[in-house]
Ligand code: NAD
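Residue numbers (my numbering): 28 to 285.
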């Protein structure tokens, strides 16, 4: 049985009730985990209020601002985790960002600044969060991130985010090899296209979803809940022998050649 009772889980990337991280947080909570939630702070505090109201029913023990571009905020986040819990069992990395202009049109037009921004937020952040998390995962742990097929194959308009996801997927493997001796497992979920705030920035997301409905073995796209259930599995002892893997939760779309 999937049981996360007594596990302390830090979940990043909840922006609203469509966020994949929200689907994951609900599943971890349902399995008995104690939650810590981070949000991306903004000048007017709008995100803080929105996310706080949303997660309230899950009764998180921690609710913290964390912009992964800001190393000081990452340090403060894990200092707060240490103070509250002493240790950490689960880290969910569920965030990404690229400029909207870099998610459409000609890939060769990607600017250096846009490339660096996308890679910093969407890929390097897994390294910096894992580095901080490993110090608190003293009884082992599970780190899960979210990726997409566009990091393996060319998907129209995904552009620089495909490069970021390719880097992210290699981060998963290198981190798994590095942290395995501390019994910390690192895995990724490659989710099928889902309508969210982030995916709406990718040109033609609805066409991608309709294409999946036509082609995928299950003839539908996946839900946040389905991704959440797979994440809960990867966070639990049911997957104790699994690390360095990318698990496709995409209605089987990735297996199709035509
Ligand atoms: P979302 O917009 O709900 O979540 C993206 C999150 O990233 C937001 O909470 C946002 O606040 C956060 N974020 C952006 N910049 C940040 C920063 N500097 N510091 C901290 N947080 C920051 O969208 P989502 O689709 O749920 O995306 C979550 C993850 O799932 C992303 O990695 C995305 O690439 C991945 N993914 C999404 C899909 C999809 O179709 N929606 C498919 C596969 C993978």
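Note that the Cβ used here is the ideal one computed from N, Cα and C, for glycine as well.
- By a beta-carbon distance limit of 8 Å, residue 218 contacts residue 276. Their separation comes to about 5 Å.
- Distances from the CB of residue 220 to the heavy atoms of the ligand NAD include at least one below 7 Å.
- Less than 8 Å divides the Cβ of residue 195 from the Cβ of residue 174.
- By the Cβ neighbour-count rule, residue 253 is buried, with 16 or more other Cβ atoms within 10 Å of its own.
- Distances from the CB of residue 93 to the heavy atoms of the ligand NAD include at least one below 7 Å.
- For residue 66, the enclosing beta strand (DSSP E) covers residues 61–66.
- Annotation for residue 122: 39 and 40 place their beta carbon closer than 6 Å to its own, counting only its chain and skipping 5 residues before and after.
- In this structure, 101 is the residue among 115, 101 and 56 with its C-alpha nearest to the C-alpha of residue 65.
- Here DSSP, grouped into helix, strand and coil, assigns residue 81 to helix.
- Distance from the C-beta of residue 243 to the nearest heavy atom of the ligand NAD is not below 7 Å.
- Looking only at 111, 225, 104 and 118, the smallest Cα-Cα distance to residue 52 is reached by 118.
- Ranked by how close their Cα comes to the Cα of residue 34, the residues 63, 274, 192 and 150 have 63 in first place.
- Assigned with DSSP and collapsed to three states, residue 238 falls in helix.
- Taken in chain order, the whole alpha helix (DSSP H) runs of length 4 or more contained in the segment 196–249 are 232–242.
- Residues of the same chain with a CB within less than 6 Å of the CB of residue 191, apart from the 5 flanking positions on each side, are 145, 146, 149 and 150 in chain order.
- Taking 7 Å as the cut-off, the C-beta of residue 105 does not count as close to any heavy atom of the ligand NAD.
- Contact check for residue 163 against residue 108 passes: the beta carbons are separated by less than 8 Å.
- Along the segment 111–183, the alpha helix (DSSP H) occurs as fully enclosed runs of 4 or more residues at 139–146 and 152–161, listed in sequence order.
- The C-alpha of residue 42 lies about 10 Å from the C-alpha of residue 76.
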